[in-house]
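Asker: Here it is, the structure in full.
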Amino acid sequence: MVTDDTYQYLDYEDDGAVRTVRIDNPPVNLLTSDLKAELFDVVERIEADPEARCLLLRGQKRGTFSGGRDLNESRSWIESTETGAEIEDAWNRGRKLIHEMLTSSAVIVAVVEGAAVGGGAELLLHCDVVFASADAEIGFPEIERGLFPGTGAIELLPDLVGRRTALAILLTGDVYPASEWAELGVVTDVCEPPETYAAATAFAETVAGRPAPAVAAIKRTLEAYRTASPEAARRRELALFKEVFTSPEAAEGVRAFFEDRDPDFGSHE
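See below:
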């Protein structure tokens with residue numbers, strides 16, 4: 001495993017096909033603009049690297065995943081003479097991060113081993129899969145500060161839990177244990193606390209061994225059905241289906257089936 005010290009607020013580890021990023025902004029990993037810019041860079045970097053298949057995103061080893069947006073920044077926007085422009089700029093940068101994460105060909109796996117609230121909870125919604133410790137707590141308490149989640153929760157949460165449930169969650173600002181979020185479909189798997197990172201890593205290694213074109217096509221087709229018209233999504237699906245069907249990985253998978261052996265997708269990376 002290779003550790004990269006490029007970033008100020010993130011710890012980046014390269015372990016071949018699986019990369020790990022730990023949010024490192026103590027004491028509670030607040031999501032400052034600079035931190036989110038670094039995260040955007042990481043996702044872009046992984047997208048450009050054909051060897052990178054999965055990204056594990058976590059807090060600092062059994063600690064808070066993220067306490068959300070830095071309210072010092074929020075206060076500076078409120079008090080600024082250019083409040084509207086500063087908020088719009090921050091919102092646009094947040095939307096770019098969402099788009100980059102949702103459309104990345106790499107599978108992004110959140111590992112929640114503590115609290116994930118506010119912007120930290122929103123960040124989970126941008127990930128593809130969420131592993132959470134049984135003692136983790138997740139919620140959107142922005143309403144208690146006179147605010148509301150403005151970086152994806154209102155768009156993404158209803159798709160997962162339904163409009164009425166999402167409305168109740170966001171209006172009350174209550175924080176819930178991981179088990180309740182798992183019942184709602186936001187958390188993929190709830191683990192015993194010492195086993196959460198290992199379980200997420202095992203999942204990531206499994207996905208990293210799958211054929212890359214098919215993995216990317218599954219993510220992109222799902223996103224097309226979420227964001228585009230049904231007709232446009234079906235066109236996108238057909239294009240990706242043809243692309244994957246004619247890939248070397250598909251040829252290897254079918255050949256291996258008829259030869260009664262395990263496919264070797266690694267040779268086509």
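If you read the sequence shown in my numbering, its first letter stands for residue 1, the second for the next number, and so on.
We put the CB at the ideal spot given by N, CA and C, even for glycine.
For clarity, every value in this text was computed on a predicted model and none was experimentally measured.
#1: Mind reading off the beta-carbon distance from A106 to V130? Whole number of angstroms is fine, and I expect it under 8 Å.
#2: Could you compute how far the alpha carbon of D135 sits from the alpha carbon of A115?
#3: Pull up the DSSP beta-bridge partners for R69, would you.
#4: What does DSSP give as the partner residue(s) for P177 in the beta ladder?
#5: Could you pull out every residue in the same chain whose Cβ sits closer than 6 Å to the Cβ of R58, ignoring the five residues on either side in sequence?
#6: Would you identify the three-state DSSP class for E269, choosing helix, strand or coil?
#7: Please give the ranges of any beta strand (DSSP E) in the stretch 102-159, keeping only runs that are unbroken, at least 3 residues long and fully inside the region.
#8: May I have the straight-line CA-CA distance separating L157 from I169, to the nearest angstrom?
#9: Just to check my reading of the structure: S33 and A90 have Cβ atoms closer than 8 Å, yes? What is that Cβ distance to the nearest angstrom?
#10: Note down, in chain order, each residue of its chain lying with its Cβ closer than 8 Å to the Cβ of P213, except the 5 sequence neighbours on either side.
#11: Below 6 Å CB to CB, which residues in the same chain sit around V43 once its five sequence neighbours on both sides are set aside?
Answerer: Looking at the atomic coordinates:
#1: Between V130 and A106 the Cβ distance is about 16 Å, and since that is not below 8 Å, they are no contact.
#2: Put simply, the backbone Cα of D135 is about 9 Å away from that of A115.
#3: Per DSSP, L31.
#4: Answer is E137, bridged to P177.
#5: Spatial neighbours of R58 in its own chain (CB-CB distance under 6 Å, excluding positions within 5 residues in sequence) are listed in chain order as R22, V111.
#6: The pLDDT assigned to E269 is 40, lower than 50, so where the model puts this residue is not dependable, and the model offers no usable value.
#7: Runs of beta strand (DSSP E) with 3 or more residues, each lying fully within the stretch 102-159, are found at 107-112, 115-117, 129-133, 137-139, listed in chain order.
#8: If you take the alpha carbons of L157 and I169, they lie about 10 Å apart.
#9: That pair is a contact at about 6 Å.
#10: The beta carbon of P213 sits closer than 8 Å to those of E243, V244, S247, E249, A250, all from its chain and outside the five residues before and after it, given in chain order.
#11: Closer than 6 Å at the Cβ level, and outside the excluded window around V43, lie E100, M101, S104.
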